[in-house]
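*Asks:* Protein chains in written order, with numbering that gives the first Met the number 0: chain A, 0 to 169; chain B, 0 to 169.
There are 2 protein chains.
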Amino acid sequence: MDEQALWAQPQDQAPAPREDDMRHVMELLFFAYRDFTGEADAILADYGMGRAHHRAIYFIGVNEGISVSELLAILKITKQSLNRVLSTLIDEGYVVQETDDGDRRRRLMQLTPKGRELEHLLAERQTARLSRAFHDAGLDAVEGFQRVLLGMIDKEARHRVSTGPAPGYS
Amino acid sequence: MDEQALWAQPQDQAPAPREDDMRHVMELLFFAYRDFTGEADAILADYGMGRAHHRAIYFIGVNEGISVSELLAILKITKQSLNRVLSTLIDEGYVVQETDDGDRRRRLMQLTPKGRELEHLLAERQTARLSRAFHDAGLDAVEGFQRVLLGMIDKEARHRVSTGPAPGYS
DNA sequence: GCATATAAGTCAACAACACTGACTTATTTT
DNA sequence: AAAATAAGTCAGTGTTGTTGACTTATATGC
């Protein structure tokens, strides 16, 4: 981690992030995130769904058997907002709920094959975009990319990120 | 740029990005972007504004004298959506319009001192979050972060990013 | 100069997605 | 038996996006 040392070194022309650099990064973030989500949004529109449906599908897919309140905690939205989305996903057969045997108040959720199919379709496009960006930027850049993203997340929320930072890359 | 060579090298256990790694990155993106915007959103709520107002203020601030249609091209939203936001910004004295002398159809926009003040307040918080993340991740990570973000942006839209990738860092 | 194109603004209607607050129904815990 | 929790529901609201049509002013091409 000698990058930290470099950063902290109070030397001549120290690389303290200047205001304009920060603005530049904010723009990159805005455009990158918009284009990243835009592709999936376009597909979802064909299904009469939106980004909220995607998020629900995604997090149910990564956390098989997740309960409603756990999903609420991840998404940080209200019960009402989630319910609207969840109802249509269940009605149209993308998600199934099953009463938890241990605690019969809880409804554990899973993707149906149909749901998994849609999740894959969406992930495919976004993965393609990421792969391209990773390839162009280089392996080192990808590691840095993930480190910065993690640092941007509220400390209390970092544990919510599923797997660790790709230990299998080497 | 030998990272590219590394990435492309078809060696044993080639670091081709696996599906789970990609999902991990998508989660990082989701949480990072949400927390990044959340801070500004909270401030904006006190002013009775939303993220759309912030974006308008931001891009008018970075592009002094921008015209309405140029702003529309950057934001990629409809005239109607922008106008709602723009009207309140003008009515409440955050933005001023001035007829272009060269082409009197165009309205060139600027932030008022009040607008610049709000822009700074918002940028301050987000800059603080980024600085923290940059510090924790290290200088090299920051460079990679920016390279990946740029690669994620639609090719046709990359020229819209204001300044180049921080040439003054060294 | 007149037709056409462009820049900006406006109206009406609509949809997605978030919010609040209150309230019900099961079920579990104390 | 009382209190807490998990889930679901209802009614109302606000922001931000959409479409399509239309007006006004100005510029440009022929």
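The C-beta atom is built at its ideal place from N, Cα and C for all residues, glycine as well.
No experiment lies behind these values; they were computed from the predicted model shown.
1) Can you give the Cα-Cα distance for T98 of chain A and R159 of chain A, rounded to whole angstroms?
2) Which of the three DSSP states, helix, strand or coil, is assigned to S68 of chain A?
3) Within the 7 Å Cβ cut-off, does Q8 of chain B reach chain A?
4) For G114 of chain A, which residues from the same chain have a beta carbon less than 8 Å from its beta carbon, with the 5 sequence-adjacent residues on both sides left out?
5) For a cutoff of 7 Å on Cβ pairs, would you count I152 of chain B as touching chain A?
6) Mind checking if H160 of chain B is an interface residue toward chain A, Cβ cutoff 7 Å exclusive?
7) Which residue's Cα is closest to the Cα of V24 of chain B: A:D135, A:S130 and A:I42?
8) Quick check on DSSP: helix, strand or coil for T87 of chain A?
9) The segment 117-136 of chain B: which residues have C-beta closer than 9 Å to a C-beta of chain A, in chain order?
10) Please return the same chain residues whose Cβ sits closer than 8 Å to the Cβ of R106 of chain B, not counting the five positions on each side in sequence.
11) Shorter than 7 Å from the beta carbon of L27 of chain B to some beta carbon of chain A?
12) Pull up the DSSP beta-bridge partners for V94 of chain A, would you.
13) Using a Cβ distance threshold of 8 Å, determine whether the segment 127-142 of chain B contacts the segment 70-79 of chain B, with at least three qualifying pairs required.
14) Specify the secondary structure class of T126 of chain A as computed by DSSP and reduced to three states.
15) By a C-beta neighbour count over all protein chains shown, 10 Å radius and 16 as the cutoff for buried, is L138 of chain A buried or exposed?
16) Going along the chain, which residues of the segment 85-108 of chain A sit with their C-beta nearer than 9 Å to a C-beta in chain B?
17) Can you find the residues in the same chain that come closer than 7 Å, C-beta to C-beta, to T36 of chain A, ignoring five residues on each side of it along the sequence?
18) Does D40 of chain B get closer than 7 Å to chain A when you measure Cβ to Cβ?
19) Please go through the segment 33-64 of chain A and give each complete alpha helix (DSSP H) segment of 4 or more residues, from N-terminal end onward.
20) Would you mind telling me which residues of chain B sit closer than 7 Å to L148 of chain A, beta carbon to beta carbon, in chain order?
21) Just to make sure I have the definition right: I need the residues of chain B whose C-beta is within less than 8 Å of the C-beta of E142 of chain A. Which are they?
22) Give the residues of chain A in contact with H52 of chain B, contact being defined as C-beta atoms less than 7 Å apart.
*Replies:* So, from the listed chains and residues:
1) Their backbone Cα atoms lie some 24 Å apart in a straight line.
2) helix
3) Because Q8 of chain B sits at a pLDDT of 42, beneath the cut-off of 50, its placement in the model cannot be relied upon, and the following sentence gives the value as read from the coordinates. It does not: the Cβ of Q8 of chain B has no partner Cβ on chain A nearer than 7 Å.
4) I56, I59, G60, L88, G92, Y93 and V94
5) Between I152 of chain B and chain A, the shortest Cβ-Cβ separation is below 7 Å.
6) First, the residue type needs correcting, since residue 160 of chain B is Val and not His in the sequence shown. Output row for V160 of chain B: interface = yes.
7) Of the residues A:D135, A:S130 and A:I42, the one whose Cα lies closest to the Cα of V24 of chain B is A:S130.
8) helix
9) Answer in chain order: A122, Q125, T126, R128, L129, S130, R131, A132, F133, H134, D135 and A136.
10) Exclusion of the five residues before and after R106 of chain B leaves S66, V67, Q96, E97, T98 and D99 as the residues of its chain whose Cβ lies within less than 8 Å of its Cβ.
11) yes
12) V94 of chain A is bridged to A:L110.
13) no
14) helix
15) buried
16) none
17) R50
18) no
19) 50-61
20) Under the 7 Å cutoff, chain B gives L27, L28 and A31.
21) Going along chain B in sequence order, the residues near E142 of chain A (Cβ under 8 Å) are A140 and G143.
22) Near H52 of chain B there are no residues of chain A at all, since even the closest Cβ is about 14 Å away, more than 7 Å.
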